[in-house]
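Everything below concerns the one structure shown next.
Chains as they are written, first to last, in this note's numbering: chain A, 638 to 766; chain B, 390 to 669.
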């Protein structure tokens with residue numbers, strides 16, 4: 638019983654940190670998104686893009702290294718894609734945190750479960766490149 | 390229309406979608422994709438890509454508030470995320486082989502089904518389960534939540550394989566259509582596994598972000614996430630959902646839910662008609 642009680646408090650604390658982690662990630666991504674957006678509107682304010690027909694985004698804006706390189710040149714679209722990457726990384730960071738927290742708790746079952754979720758996430762991200 | 394007006398209109402539209410999604414608990418994704426395709430004539434693949442990003446933002450942005458309530462279960466969430474993330478990757482791959490107009494029709498059908506679910510959930514609450522599956526304790530899915538009088542209410546879960554399977558479907562729909570598919574996630578937990586309703590809804594919020602992140606990477610690599618759309622839509626939906634969450638307590642959720650159910654129903658019919666007429 639005592640063990641269950643302890644686990645409850647540990648889980649609660651873990652979830653509170655997770656909640657904060659997600660909030661910080663979203664705030665950071667939103668800030669970068671806003672900066673990129675303002676730059677984007679200033680650079681393209683006259684032209685109107687056509688989204689009716691699908692044409693893939695440029696190769697450089699579809700990969701981590703390409704985005705990072707383009708951000709260095711202050712390309713507004715790359716800044717927005719950086720925000721998108723930060724956003725995708727936010728829930729992934731939560732799973733990494735869970736893996737560490739279950740590790741400290743020595744909960745083997747949930748170390749395996751979170752490692753599996755992380756593996757699936759990484760597979761999705763890396764495999765499709 | 391200049392880019393500035395287009396961007397401003399997108400922001401306002403996304404804000405309203407996020408607001409309605411938060412107030413009704415159905416999420417912004419289900420209104421966002423029809424809004425972009427029917428209202429702004431955006432290719433559905435772009436709409437789905439940008440919706441996925443918005444879904445990550447709203448679920449992560451609301452997470453801290455949900456944790457404070459003390460209902461969510463990190464273990465149930467993590468366990469079922471195995472199914473939703475795998476489903477999401479399968480869904481994102483399916484999206485490449487499915488015809489664009491077929492995507493619109495599937496989306497329409499899911500909208501019709503969501504409105505049916507939301508109407509049904511309002512009517513028959515699930516009876517609480519007393520004794521669950523023996524695996525409930527073995528997999529450490531049993532837990533407790535704060536009751537009204539401050540004591541802790543214990544719960545167990547049942548039919549874990551059934552819930553797991555349904556979560557795979559929820560993940561696949563999320564990856565295919567760019568929605569959070571919160572309704573299907575709650576269905577899997579609340580109806581199939583008999584997880585208490587509040588635990589289901591708050592835990593589902595955590596799962597939505599991870600599920601969307603699993604397929605968002607694939608969409609990004611395929612060039613389906615367009616910066617010009619991502620910026621106003623993501624910020625709009627996020628702002629709308631944060632405002633919505635703030636006024637959640639004060640709004641007449643009952644009336645709003647009925648209104649929203651009809652909106653979703655109408656959008657579903659429109660998506661199907663639009664998909665069929667453009668295809669044939």
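Idealized CB from N, CA, C, for every residue including glycine.
Within a 10 Å sphere around the beta-carbon of residue 597 of chain B sit 16 or more other beta-carbons, which makes this residue buried. Between the C-alpha atoms of residue 455 of chain B and residue 591 of chain B there is a straight-line separation of about 6 Å.
Taken in chain order, the region 460–518 of chain B contains no complete beta strand (DSSP E) segment of 3 residues or longer.
In this structure, DSSP gives residue 529 of chain B a state outside helix and strand, which the three-state scheme calls coil. Cβ-Cβ separation between residue 445 of chain B and residue 727 of chain A: approximately 7 Å, consistent with a contact (criterion under 8 Å). By the criterion of a C-beta distance shorter than 8 Å, residue 663 of chain A is surrounded in its chain by 724, 727, once the five residues flanking it on both sides are discounted. Taking C-beta atoms as the reference points, residue 599 of chain B and residue 754 of chain A count as a pair closer than 8 Å. In this structure residue 660 of chain B is in contact with residue 500 of chain B, their Cβ atoms being roughly 6 Å apart against a cut-off of 8 Å. In the three-state reduction of the DSSP assignment, residue 657 of chain A falls in the helix class. Taking the Cα positions, residue 751 of chain A is about 30 Å away from residue 506 of chain B. Looking at the DSSP output, residue 543 of chain B sits in a beta bridge with B:533. Residue-level contact by beta carbon fails for residue 740 of chain A and chain B, as no gap is shorter than 8 Å. Between the region 574–582 of chain B and the region 550–560 of chain B there are three or more C-beta pairs closer than 8 Å, enough to call the two in contact. Interface flag for residue 604 of chain B against chain A is set, since a Cβ pair is found closer than 8 Å. Closer than 8 Å to the CB of residue 440 of chain B there is not a single CB belonging to chain A. The beta-carbon of residue 694 of chain A is placed less than 8 Å from the nearest beta-carbon of chain B.
A direct Cα-Cα distance of roughly 27 Å separates residue 632 of chain B from residue 433 of chain B.
Residue 582 of chain B has its alpha-carbon roughly 51 Å from the corresponding atom of residue 681 of chain A.
Residue-level contact by beta carbon fails for residue 558 of chain B and chain A, as no gap is shorter than 8 Å. Contact between the region 620–628 of chain B and the region 701–708 of chain A is absent: fewer than 3 CB-CB pairs across the two stretches fall below 8 Å. The criterion of a C-beta distance shorter than 8 Å is not satisfied by residue 410 of chain B and residue 402 of chain B. If you draw a straight line from the Cα of residue 737 of chain A to the Cα of residue 748 of chain A, it comes to about 8 Å. Check the Cα spacing between residue 696 of chain A and each of B:610, B:663, B:621: the tightest is with B:610.
Residue 670 of chain A sits close to residue 620 of chain B, with the two beta carbons spaced by under 8 Å. By the criterion of a C-beta distance shorter than 8 Å, residue 461 of chain B is surrounded in its chain by 455, 588, 591, 592, 594, 595, once the five residues flanking it on both sides are discounted.
Its chain contains 650, 653, 654 as the residues whose beta carbon lies nearer than 6 Å to that of residue 504 of chain B, once the 5 sequence neighbours on both sides are disregarded; these appear in chain order. Interface annotation for the region 727–739 of chain A against chain B: 727, 728, 729, 731, 732, 735, 738, 739, criterion Cβ-Cβ distance under 9 Å.
Non-local C-beta neighbours of residue 450 of chain B in its own chain, meaning closer than 8 Å and more than five positions away in sequence, comprise 627, 630, 631, ordered along the chain. Scanning its chain for C-beta atoms nearer than 7 Å, with the 5 sequence neighbours on each side dropped, one finds around residue 496 of chain B the residues 422, 566, 660, in chain order. Under a criterion of Cβ atoms nearer than 7 Å, the residues of chain A adjacent to residue 461 of chain B are, in order, 652.
A direct Cα-to-Cα measurement between residue 550 of chain B and residue 469 of chain B gives close to 10 Å. Its Cα nearest to that of residue 534 of chain B, the residue B:543 stands out among B:543, B:526, B:527.
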